[in-house]
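**Q** Residue numbers (this note's numbering): 1 to 154.
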Amino acid sequence: MVRKTIKTENNKITEPSFGNAVLSNDNRSFFSFSENKKTYTAENSCGKIGIRLQIDGNLYTATSTKKCDKGLLLDDGRFYLVELKGVDINTACEQLISTLTLLKNDYKDFDFNYYGRIVAKKGIPESNTSRQRAMKNFGIDKFLLRENSLTEEV
């Protein structure tokens with residue numbers, strides 16, 4: 001199967017399309033999400049084009065399926081799934097995994113490189129089954145969990 005590539009024009013990603021789930025589509029210096037005093041920030045010193053997405057409630061509206069809060073797709077195919085969570089790390093891991101499954105099915109023509117990110121309150125447990133399952137689904141080096149804020153270079 002021939003995979004589709006991400007298409008860009010005028011510093012915007014034009015394909016794939018995410019409809020009304022798009023929060024921004026540009027090459028800003030920082031891509032950031034905040035919710036309930038939790039913050040995820042991707043520093044973009046290389047000038048990548050990125051789409052910030054509202055996944056839960058916009059890209060996927062069904063209330064019967066758990067989804068992560070946000071997403072960031074970069075023009076090089078890296079797709080960061082971000083959950084900004086209170087204390088329930090198990091649910092956060094499940095939300096990332098179910099969103100990963102949805103995206104892999106709905107955008108199967110694209111070869112995205114998925115990353116899972118959880119930003120939660122203090123007191124994150126060292127290890128649990130949901131966390132191990134998320135690490136397996138994303139890959140150990142592609143899954144991060146931090147307290148209150150996470151900033152990384154993309």
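We put the beta carbon where it would ideally sit given N, CA and C, even for glycine.
Small disclaimer: the values here were computed from a predicted structure and weren't measured.
Please classify Ala42 as buried or exposed, where buried requires at least 16 other C-beta atoms within 10 Å of its C-beta.
**A** buried
**Q** Give the straight-line distance between the Cα atoms of Lys85 and Ser149, rounded to the nearest whole angstrom.
**A** Rounded to whole angstroms, Lys85 to Ser149 spans 11 Å at the Cα level.
**Q** Three-state secondary structure (DSSP) at Lys121?
**A** coil
**Q** Excluding five sequence neighbours on each side, which residues of the same chain lie with their C-beta closer than 8 Å to the C-beta of Asp202?
**A** Here the chain has residues from 1 to 154 only, and residue 202 is not among them.
**Q** Does the beta carbon of Thr129 sit closer than 7 Å to a beta carbon anywhere in chain D?
**A** Looking for chain D here will not work: only one protein chain is present.
**Q** Of the residues Val22, Arg3 and Leu81, which one's Cα is nearest the Cα of Leu102?
**A** Leu81
**Q** Go ahead and label Val119 buried or exposed: buried means 16 or more other beta carbons lie within 10 angstroms of its beta carbon, across all protein chains shown.
**A** buried
**Q** Helix or strand or just coil, what does DSSP make of Leu81?
**A** strand
**Q** Between the alpha carbons of Asn27 and Phe33, how many angstroms are there, rounded?
**A** 15 Å
**Q** I'd like to check one pair, Lys122 with Glu147: are the Cβ atoms closer than 7 Å?
**A** yes
**Q** Which full runs of the beta strand (DSSP E) of 3+ residues lie inside the segment 50 to 111, going along the chain?
**A** 50 to 54, 70 to 74 and 78 to 84
**Q** For Arg3, count neighbouring C-beta atoms within 10 Å of its own C-beta (all shown protein chains included) and say buried if the count is 16 or more, exposed if not.
**A** exposed
**Q** On the three-state DSSP scale, how would you describe Arg146?
**A** strand
**Q** Please name the residue, chosen from Phe138, Val22 and Leu23, that lies closest to Glu94 on a Cα-to-Cα basis.
**A** Phe138
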